[in-house]
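Take 0 as the starting number for the sequence shown in numbering that gives the first Met the number 0 and just add one per residue. All remarks here apply to the structure that follows.
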Amino acid sequence: MPEIPSEAYTDEPWGERTLDNYIIRAKEPFNAEARTEGLVDSFVTPTEKHFRRNHGPIPNLDGRTWTVAVSLAGAAAQTLGLADLARLPQFEVVAVLECAGNRRDGLKAIKPVSGVTWGAGTASNARWGGCRLRDVLAAAGVPTDLGDAFYATARHVEFVAHGQATEDAHYASSIPLAWAMNPLNMVLVATRMNGQALARDHGFPARIVAPGIIGARWVKWLRDIRVQDGESQSFYQQRDYKILPPAAGAANCSEFWPRFPALLELSVQSAICRPAPGECLRVGRAYVVRGYALSGGGRAVDRVEVSLDGGRTWALADIAAQPAGDWTAPRWAWVLWAFRIARVPPRCSIASRAWDAGGNTQPDAAVWNYRGVMNNAVFRVEPPTDAGPAL
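Right under this line is the structure:
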């Protein structure tokens, strides 16, 4: 694809960006991860702290005239605006959004990878609102009975975005249709985030929210929703966001892309947010380690464990209670956790790992892949320590 000229970035929503909350990884396209020490301040991440991942200039769409075309093979496309979406039953889901490249820096430390160098700040938890994609598709003629013969074909639903993208004509991606039509999966055509209309960086006027699935499938600035036989053929489905074997690299990756599946569900994950990078701990004093943990596919985080001896022994962390009365949060949201060190040792090593309801946990060591995705190895930090003044 031709390179996007800098002039295309002259209408960016800088006024919506609280830059002090972010580590900016790229300006064009704008890519910024949250400062992790701020992520553990609240269960729901404030919009101004939520990470921002983009593949091109931010579209400036008018919600009064915006529409999305919904199409099903053999039927005329339906065009829906914001008012049409608002007439459908409305739902809210608390769900964590995680970029597949979260913690890419850990894989880059092994050897070079392709992609933005992210730390652990491309995960955030928000309250999303809108109508279910299931209801939009049902109105277009898709059967709601998952036992219907219609589902004998492994159909996908593709989402195409407005605007330019760096590697393709437009950003596009897809998920299995049966996943989208399962009412428990709570896939939304979202128009609200944390009780407000979506910000431009987050997909205004409408985006896909696909809980439990990698962020690459949560397509923003919706232009088209298409039910089709098979996956999207876009760059981002076919030649990106896949775990290639270690033998694949820049010189030969083209032979591997067709052989391996597109990523879908998130892996079980944890991260240590405090101590913050560079934070110095006082030897002999108590300290509370804090972090987040998540998993995919609707599997709740079962427990978080912390080790202070290089992984030889593990102790349970305390998981903060989630808001009562919301059935979506245990399935789709992250958890925040804390672990108290009674006395910080002179040489401090802290590791965390999460377990989910499916019995999955984080591997001890990272497995390198060329695209640098899905790094969910045990999270380790070795903060500096200071004995402090003599008493």
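We treat Cβ as the ideally placed atom computed from N, Cα and C, and that holds for glycine.
Does the beta-carbon of Q163 have 16 or more other beta-carbons within 10 angstroms, so that it is buried, or is it exposed? buried
Could you check what DSSP says for R258 in three-state terms: helix, strand or coil? helix
Would DSSP call A386 helix, strand or coil? coil
Neighbour-count burial assignment, A389, 16 or more Cβ in a 10 Å radius: Caution is warranted here: a pLDDT of 47 is assigned to A389, below 50, making its placement in the model unreliable, and the coordinate value is therefore given only provisionally. Result: exposed.
Roughly how many angstroms lie between the CA atoms of N193 and T46, to the nearest whole one? 7 Å
Give me the Cα-Cα distance between V218 and Y170, rounded to the nearest whole angstrom. 8 Å
Take every Cβ of the stretch 338-355, pair it with every Cβ of the stretch 271-286, and state whether three or more of those distances are shorter than 8 Å. yes
Give a yes or no on contact between the stretch 111-120 and the stretch 208-218, applying the rule of three or more CB pairs nearer than 8 Å. no
Assign A138 to one of three DSSP states: helix, strand, or coil. helix
Exposure label - S41; buried when at least 16 CB within 10 Å: exposed
Classify M185 as helix, strand or coil using the three-state DSSP reduction. coil
Between which two residues does the beta strand (DSSP E) holding T78 run? 77-79
Output needed for D363: all residues of its chain with C-beta closer than 6 Å, excluding positions within five of it in sequence on either side, in chain order. V377
Taking 9 Å as the threshold (C-beta atoms), are Q321 and A292 in contact? no
Have a look at S351, A72, I23, T121 and flag the residue whose alpha-carbon is nearest the alpha-carbon of T35. T121
Less than 9 Å separating the beta-carbons of R102 and N368? no
Just to confirm the assignment: which complete alpha helix (DSSP H) runs, minimum length 4, are found wholly within the stretch 59-114? 81-86, 103-107
Can you grab the Cα-Cα spacing for the pair F149 / P142, in whole Å? 7 Å
Enumerate, from N- to C-terminal direction, the unbroken beta strand (DSSP E) stretches of 3 or more residues contained entirely within the stretch 128-173. 154-160
Where does S221 sit, in a helix, a strand or coil, going by DSSP? Residue 221 is actually Leu in this sequence, not Ser. If DSSP states are grouped into helix, strand and coil, L221 belongs with the strands.
Looking at the unbroken alpha helix (DSSP H) that takes in E36, where does it start and where does it end? 35-38
Can you grab the Cα-Cα spacing for the pair P245 / A7, in whole Å? 36 Å
Reduced DSSP category for Y397 - H, G, I as helix; E, B as strand; rest coil: In the structure displayed, the chain extends from 0 to 390; residue 397 sits before or after that span and is not available.
According to the neighbour-count rule (16 or more other Cβ atoms, all chains shown, within 10 Å of its Cβ), is N251 buried or exposed? exposed
Anyone know if the C-beta pair for V43 and R126 falls short of 9 Å? yes
What are the uninterrupted segments assigned as beta strand (DSSP E) that are 3 or more residues long and contained completely in the stretch 278-362, given in chain order? 286-293, 300-306, 334-340, 349-355
Give me the Cβ distance between A394 and V226, rounded to the nearest whole Å; I'm assuming they're in contact under 8 Å. What the structure shows of the chain is the stretch from 0 to 390, and residue 394 is not part of that stretch, so it cannot be assessed.
Here's the rule: buried if 16 or more other CB atoms are within 10 angstroms of the residue's CB, otherwise exposed. What is K26? exposed
Exposed or buried, V190, counting other C-beta atoms within 10 Å across all chains shown (16 or more means buried)? Rather than Val, the amino acid found at residue 190 in this sequence is Thr. Under this definition T190 is a buried residue.
Let me know the secondary structure DSSP gives A196 once reduced to three states. strand
What are the partner residues of F378, as DSSP defines its beta bridges? S351
Which of helix, strand or coil DSSP assigns to T190: strand
For the candidate residues V380, Q89, V93, F203, whose alpha-carbon lies nearest to that of R273? V380
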